[in-house]
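Take a look at the structure below.
Written out as structure tokens, the structure reads:
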């Protein structure tokens, strides 16, 4: 019977400690887990920037039920193994709410741990459908799914009457997932798919792939994955004189692709969440970001902001910091956030989310196509 | 005709990468030939060369200098200086103090140095992939426009020619110059070379320096060819180049060249005809096969086992 | 002489500047779509210059500094000390070790969950290092691809549980045996190879396994890894909050205590502890048996061993197989602990770390290896504030240890009888 006694002792001593600590007790820890370093760190930057701004602003408005939010940041380098380590650390640190992770392949294994340990997770960027397909109670998203994004891309390509389309992916959950979704959409539209191949993320030499694409005589190439590889493929494709239009998901829509691909990035098609920073009702928020020297136009900035806001409002509506109660509150209410009105279905996905097709330019700007 | 062009295209791709591997492999093979040690940190020297080249290029761009030959030459010289110095320093700090002991010790020291250098650059420059400007653009196209066209880019030609020049210079150096002769002597019998009055320490340092300089050349070339660099890519390239060196016979410079080309072409062909995913498996498989039947590599000198 | 030292010192200082300033002082930054060069902040530049000055001074006064350092007594056991009588030493060692094991059994109930988690990781590395110790330390075979067997053990459990719902206890022996089989298979091609060629081939083998795991997505999930690996059960009782398998009951419900994440962590730790002790004991037995003696004979002088009739094939294969077997144990425990594995966990760096542990501990010495495993795993955790510099310090530490104390923390003392001087 050691355990109950130990728990009692812990409870008493913690209470004493808390009483003594004073204001330190009235704090809610919000974990933020994403890539701070590594090849896709700039997406992590968006996540941290949005989440930090939200925490700041909510605290400035009095916090949540009088309690201040404290952001606890963790680096998962977009690596599944590191994500598991981060999740374990979060559990050890007693954090009960997490904004994260960013990469689908990190979010998936981490969410197993969070669900088991009763930690609420809201991912602002992971689009793989599998994450919400497992009947977990505590997993939410503030971004659309590949099953929505894929058809948008596929239908767009189909509407351009292509001769042949090649689909390449990086074999990771996110990349392969969306590539598969695009392939299925294209097949459904009767478009000829010349090849469906995987490359290894981290590779630098795509000359053989480019040669293969040339031989396959395709006019469109869909790439499922992140910008470091697509940037190289674009550049090497241009050098080899491959005449095809490339298209990718939001993981490639990033200014860094211009530093790698240069001129070759002109004309790249990208599906992205709509530009929330262009909406009139968000202008005040946009100015707040710009005052801090941060760029609010990245696809995950405002989704992260919304995620923190949702947790905060969920706690208020549920009037409790128990993650299960908050989850319940999130499912039964409608919220107004910078990314629009958010309502959740049973699985933890938002009921509505659109993706827009943009054309990327060699100066890093993008214009919506129609 | 189309298939033939496709084959040649993959062959060209393979020879290009192969040349770059050869440049890096020489560093491994020279060091092994002289002190019998696998320099695991060599891949990192290559990476540092690439970073320095990019820093130089960016610096020149900010200064407003736009003439291509100047940019390339300055970048090359800067990269070679920094890499060579780094190679020299690594030898003095991590290898010389442990020379001659049980062979695992320098190996661990080398691995430790490799980890240290990777993280050094990672901390200093960040871990993201940084784009390398495409300074040499364009190329030749063969074949008709409505079917498969084989392309030979200027960059690829540059890589071939540069590798050829480097190899020729190195061979001349080794066979004609005094230091080159001393290198050969030291690799044959270090004790005897010492007795004959050759300063073996200096020769060993020279070997590291030369290997590092060649790796820097490869760094600049491949950075321009591929398009991006990050702190971890040196390790993989180093591993491949090392495989190439062993394939060709470690300790033999022509072996490194041959090994590099074979490895490059086999990777390219696997990628082009089978699947890009297993090209590394084929490379290592090839290595194991060759070592099974010719344990000292293709052009390696057979090791005489003295009892 | 002084002029030479001065020139040398100046040269070294210049070298330091060359290798430090460009990389540290000029930062490449991506601004918008361009890459620009930013000078680093003043403190970095100052530290670079300071480093150059330190190097200059060090080289200038090297003789004096080094002799001053030599006169400081070293706290570690010297290699030439007269060994205690074998019996006495063995008995003291057994008592000490038993004491440590008993302590380790009761310790987890008093500390935080994070520490127990870390301790499990330490135990996994101990198993790995003890296994590699057999191959590298005892048999003298340079194996750089040991991580492949670790991966085989982990993936066996992961895949068996994913496709066949196999539990931890069933997968443990299967994983270990499969890893041993791989060890046996690796042994054949490398029979005739010596020294560095052996190292390269084992390295290639390790990489091949990792690449296969990474690319065979249909079977192994590729880069996304395999998740949902179950924790070990205790007579059918699961340790999770909710029961995952039908027919099992949950631990906390059976005993009527509140659910705590600590239960499964402590249970896994205890299992790892039992396995690690088992590994150590078995290998110790092997060391005393002819098999173990033949490993050491092979290491010392292969030609002599062969002339004495030892079959090179049998000795090498036995070393690889047994070493791999324990890696399989470690892999299974690792898979269960993480709940999710991916090829990223089995890169060459892992092999290098395990090898470093073996060399650090003193090749062939079991206690040294255990101590080194603890040091290598725990020290980075203690220096959490420096987490960015962790790997940097690790690399530097590896180099320094090799320079300063290459025989390891606790070098094996050979049993020997000192020859008496002739009168």
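Protein chains in written order, with the numbering used here: chain A, 348 to 717; chain B, 28 to 334; chain C, 2 to 424. Backbone N, C-alpha and C fix where the C-beta goes; we use that ideal spot for every residue, glycine too.
Could you pull the start and end residues of the alpha helix (DSSP H) that residue 69 of chain B belongs to? Within the second chain, residue 69 of chain B is the residue found at index 42, counting from 1. Taken as a continuous stretch (DSSP letters only), the alpha helix (DSSP H) holding residue 69 of chain B covers 69-90.
Helix, strand or coil for residue 108 of chain C per DSSP? Here residue 108 of chain C refers to the residue found at position 107 of the third chain. Look at residue 108 of chain C here: in three-state DSSP terms it is helix.
May I ask you to report which of helix, strand or coil DSSP gives residue 700 of chain A? What you label residue 700 of chain A is simply residue 353 of the first chain in a count that begins at 1. In the structure shown, residue 700 of chain A sits in coil (DSSP, three-state: anything other than H, G, I, E or B).
Measure how close the beta-carbons of residue 566 of chain A and residue 592 of chain A come, nearest whole angstrom, since I'm counting them as under 8 Å. As a first step, residue 566 of chain A is located in the first chain; it is residue number 219 there, counting from the start. As a first step, residue 592 of chain A is located in the first chain; it is residue number 245 there, counting from the start. The pair is a contact, with the Cβ atoms about 7 Å apart (cut-off 8 Å).
Using the DSSP secondary-structure output, state which residues sit across from residue 30 of chain C in a beta bridge. Counting from one through the third chain, the residue named residue 30 of chain C turns up at place 29. Answer by DSSP bridge pairing, in chain order: C:37.
Quick one: what does DSSP say residue 468 of chain A is sitting in, helix, strand or coil? Here residue 468 of chain A is taken as the residue at index 121 of the first chain, counted from 1. DSSP places residue 468 of chain A in the strand class (E or B) of the three-state scheme.
For residue 142 of chain B and chain A, any beta-carbon pair shorter than 8 Å? The residue labelled residue 142 of chain B in the question sits at position 115 within the second chain. Chain A contact via Cβ: absent.
Just to confirm the assignment, what range does the beta strand (DSSP E) spanning residue 375 of chain A have? Residue numbering aside, residue 375 of chain A sits at position 28 when the first chain is read from its first letter. It spans 374-381 - the beta strand (DSSP E) in which residue 375 of chain A sits, taken as one unbroken run.
Pick from A:490, A:459, A:610: whose alpha carbon is nearest that of residue 712 of chain A? By 1-based counting over the first chain, the position of residue 712 of chain A is 365. That would be A:610, whose Cα lies nearest to the Cα of residue 712 of chain A.
Using CA atoms only, rank isn't needed, just tell me which of A:587, A:490, A:559, A:437 is closest to residue 623 of chain A. Here residue 623 of chain A refers to the residue found at position 276 when the first chain is read from its first residue. When only C-alpha atoms are compared, the closest one is A:490.
Tell me the rounded alpha-carbon separation between residue 47 of chain B and residue 483 of chain A. What you label residue 47 of chain B is simply residue 20 of the second chain in a count that begins at 1. What you label residue 483 of chain A is simply residue 136 of the first chain in a count that begins at 1. So the alpha carbons of these two residues sit roughly 50 Å apart.
Do residue 378 of chain C and residue 330 of chain C have their C-beta atoms within less than 8 Å of each other? Indexing the third chain from 1 puts residue 378 of chain C at position 377. Indexing the third chain from 1 puts residue 330 of chain C at position 329. Not in contact: residue 378 of chain C and residue 330 of chain C (Cβ atoms no closer than 8 Å).
Distance, Cα to Cα, residue 548 of chain A vs residue 599 of chain A? By 1-based counting over the first chain, the position of residue 548 of chain A is 201. By 1-based counting over the first chain, the position of residue 599 of chain A is 252. Spanning the two alpha carbons is a distance of roughly 13 Å.
Tell me whether the beta-carbon of residue 303 of chain B lies closer than 8 Å to the beta-carbon of residue 576 of chain A. Counted from its first residue, the second chain places residue 303 of chain B at position 276. Counted from its first residue, the first chain places residue 576 of chain A at position 229. The answer is no: Cβ separation not under 8 Å.
Assign residue 129 of chain B to one of three DSSP states: helix, strand, or coil. Here residue 129 of chain B refers to the residue found at position 102 of the second chain. Of the three classes helix, strand and coil, the one that applies to residue 129 of chain B here is coil, per DSSP.
Would you mind reading off the limits of the alpha helix (DSSP H) that contains residue 198 of chain C? Here residue 198 of chain C refers to the residue found at position 197 when the third chain is read from its first residue. It spans 196-216 - the alpha helix (DSSP H) in which residue 198 of chain C sits, taken as one unbroken run.
Beta carbon proximity, residue 114 of chain C to chain A, threshold 8 Å: Position 113 of the third chain holds residue 114 of chain C. Yes, contact with chain A.
Please give me, in chain order, every unbroken run of the alpha helix (DSSP H) with length at least 4 that falls completely inside the region 532-575 of chain A. The region 532-575 of chain A contains these whole alpha helix (DSSP H) runs: 554-563.
To the nearest angstrom, how far is it from the Cα of residue 496 of chain A to the Cα of residue 504 of chain A? To locate residue 496 of chain A, count along the first chain from 1; it is residue 149. To locate residue 504 of chain A, count along the first chain from 1; it is residue 157. Roughly 13 Å between the two C-alpha positions.
Using 10 angstroms around the beta-carbon of residue 620 of chain A, count the other beta-carbons present and answer buried if the total reaches 16, otherwise exposed. As a first step, residue 620 of chain A must be located in the first chain, where it is residue number 273. Burial call: buried.
What are the boundary residues of the alpha helix (DSSP H) that residue 297 of chain C is part of? In the third chain, the residue the question calls residue 297 of chain C occupies position 296. Per DSSP, residue 297 of chain C belongs to the alpha helix (DSSP H) from 291-301.
Reduced DSSP category for residue 387 of chain A - H, G, I as helix; E, B as strand; rest coil: In the first chain, residue 387 of chain A corresponds to position 40, counting from 1. Note: residue 387 of chain A maps to coil in three-state DSSP.
Give me the Cα-Cα distance between residue 21 of chain C and residue 111 of chain B, rounded to the nearest whole angstrom. Walking along the third chain from the start, residue 21 of chain C turns up at place 20. Walking along the second chain from the start, residue 111 of chain B turns up at place 84. Whole-angstrom Cα-Cα distance: 13 Å.
Could you work out which residue in A:515, A:574, A:521 is closest to residue 559 of chain A when comparing CA atoms only? The count along the first chain starts at 1 and reaches residue 559 of chain A at position 212. For residue 559 of chain A, the nearest C-alpha among the options comes from A:515.
For residue 29 of chain C and residue 38 of chain C, believed in contact at Cβ under 8 Å, the rounded distance: On the third chain, position 37 is the one that residue 38 of chain C refers to. On the third chain, position 28 is the one that residue 29 of chain C refers to. That pair is a contact at about 6 Å.
Would the region 93-109 of chain B count as touching the region 262-279 of chain B if we require 3 or more Cβ pairs under 8 Å? no
Return the chain-ordered ranges of every alpha helix (DSSP H) run that is complete within the region 344-373 of chain C and spans a minimum of 4 residues. 349-362
Residue 321 of chain C lies in the beta strand (DSSP E); which residues open and close that run? The sequence position of residue 321 of chain C within the third chain is 320, counting from 1. No beta strand (DSSP E) contains residue 321 of chain C, which is instead part of the alpha helix (DSSP H) from 313-339.
Do you know offhand how far residue 741 of chain A's Cα is from residue 23 of chain C's? Lying before the first or after the last residue shown, residue 741 of chain A is absent from chain A, which here runs from 348 to 717.
Using a Cβ-Cβ distance under 8 Å, would residue 530 of chain A count as near chain B? Residue numbering aside, residue 530 of chain A sits at position 183 when the first chain is read from its first letter. Residue 530 of chain A does not count as touching chain B.
Residue 259 of chain B - DSSP class collapsed to helix/strand/coil: Stepping through the second chain from its first residue, residue 259 of chain B is reached at position 232. Here residue 259 of chain B sits in coil by DSSP.
With contact counted as at least three CB pairs below 8 Å, one residue from each stretch, are the region 268-282 of chain C and the region 297-304 of chain C in contact? no
What is the residue span of the alpha helix (DSSP H) that residue 159 of chain C lies within? Indexing the third chain from 1 puts residue 159 of chain C at position 158. Counting along the chain, the alpha helix (DSSP H) containing residue 159 of chain C begins and ends at 148-165.
Can you grab the Cα-Cα spacing for the pair residue 371 of chain A / residue 377 of chain A, in whole Å? For the purposes of this step, residue 371 of chain A is identified with residue 24 of the first chain, where counting begins at 1. For the purposes of this step, residue 377 of chain A is identified with residue 30 of the first chain, where counting begins at 1. Low per-residue confidence applies at residue 371 of chain A: pLDDT is 43, beneath 50, and the placement is therefore not dependable, though the value from the model is reported in the following sentence. If I take the Cα positions, the gap works out to 15 Å.
If you measure from the CB of residue 283 of chain B, is any heavy atom of the ligand NAP nearer than 7 Å? With respect to the ligand NAP, the structure offers nothing, as it holds no ligand at all.
Roughly how many angstroms separate the alpha carbons of residue 223 of chain B and residue 233 of chain B, rounded to a whole number? Taking the first residue of the second chain as position 1, residue 223 of chain B is located at position 196. Taking the first residue of the second chain as position 1, residue 233 of chain B is located at position 206. Near 18 Å, if we compare the C-alpha coordinates of residue 233 of chain B and residue 223 of chain B.
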